[in-house]
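Residue numbers (this note's numbering): 280 to 488. Taking it in order: structure first as structure tokens, then the write-up.
Given below as structure tokens:
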């Protein structure tokens with residue numbers, strides 16, 4: 280397992296399906312986009328595979344020439360449809376506070392469009408020291424390294440790749456599209472049932488350094 284320095288402790292968190300259950304809002308936004316454009320979108324299918332960049336998902340429903348416009352419109356509609364139905368996942372607040380209790384900094388590093396990620400956190404009452412959006416897999420790792428994060432908490436195989444890229448401890452929760460076994464098989468250093476277990480894990484991890 281990668282080492283974690285207690286000096287300048289920074290813990291990175293993914294957003295969708297790690298801190299927040301954004302599925303209802305994402306589903307509502309895709310339905311609104313579908314209704315507005317007349318394009319069939321299976322919103323129930325979409326929310327089972329959150330994680331990769333938005334444009335990758337949009338390409339499943341729109342021709343390439345329309346992808347950029349559809350992405351822009353989705354992000355606009357998101358502000359009207361996504362925030363109210365979103366809820367924090369179990370243990371999210373406690374996990375963030377646990378980092379602060381150890382004098383650490385919280386960095387939310389997400390694939391979500393950064394302005395919307397900030398609004399999500401504000402709506403949920405979750406405070407991060409740093410928010411960086413529009414990243415995926417190894418580019419998340421670059422941001423983790425840049426901000427000195429030595430732990431990254433996520434739910435997706437791409438989050439494991441990001442942590443590996445930054446030589447950070449990959450902590451995963453099976454609250455997204457992958458089971459605990461799948462996350463372990465993909466190389467997660469730690470798999471917790473949910474974020475309720477994170478404060479005790481972090482305390483033990485730091486004590487062992």
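Just so you know, even glycine gets a beta-carbon here, dropped at the ideal spot from N, CA and C. All figures in this text were calculated on a predicted structure; none of them were measured in a lab.
So, using beta-carbon positions, are residue i and residue j closer together than 8 Å?
i: residue 454; j: residue 400; result: no
i: residue 307; j: residue 360; result: yes
i: residue 481; j: residue 403; result: no
i: residue 416; j: residue 431; result: no
i: residue 333; j: residue 372; result: no
i: residue 439; j: residue 467; result: yes
How is the alpha helix (DSSP H) around residue i delimited, first residue to last?
i: residue 420; result: 417-425
i: residue 441; result: 436-444
i: residue 370; result: Looking at the DSSP string, residue 370 is not in any alpha helix (DSSP H), and its letter there is neither H nor E.
i: residue 334; result: 333-337
Indicate the three-state DSSP secondary structure (helix, strand or coil) for residue i in the structure shown.
i: residue 326; result: coil
i: residue 466; result: coil
i: residue 447; result: coil
i: residue 384; result: strand
i: residue 295; result: strand
i: residue 308; result: helix
i: residue 484; result: helix
i: residue 300; result: strand
How many Å lie between residue i and residue j at the Cα?
i: residue 493; j: residue 311; result: The chain is shown from 280 up to 488; residue 493 falls before or after that span and cannot be answered.
i: residue 485; j: residue 433; result: 19 Å
i: residue 292; j: residue 338; result: 27 Å
i: residue 375; j: residue 294; result: 12 Å
i: residue 346; j: residue 322; result: 17 Å
i: residue 472; j: residue 414; result: 25 Å
i: residue 389; j: residue 344; result: 26 Å
i: residue 470; j: residue 355; result: 35 Å
Tell me which residue opens and which closes the beta strand (DSSP E) that residue i is part of.
i: residue 411; result: 409-411
i: residue 353; result: No beta strand (DSSP E) contains residue 353, which is instead part of the alpha helix (DSSP H) from 343-360.
i: residue 390; result: That residue, residue 390, is in no beta strand (DSSP E); it is neither H nor E in DSSP.
i: residue 433; result: 430-433
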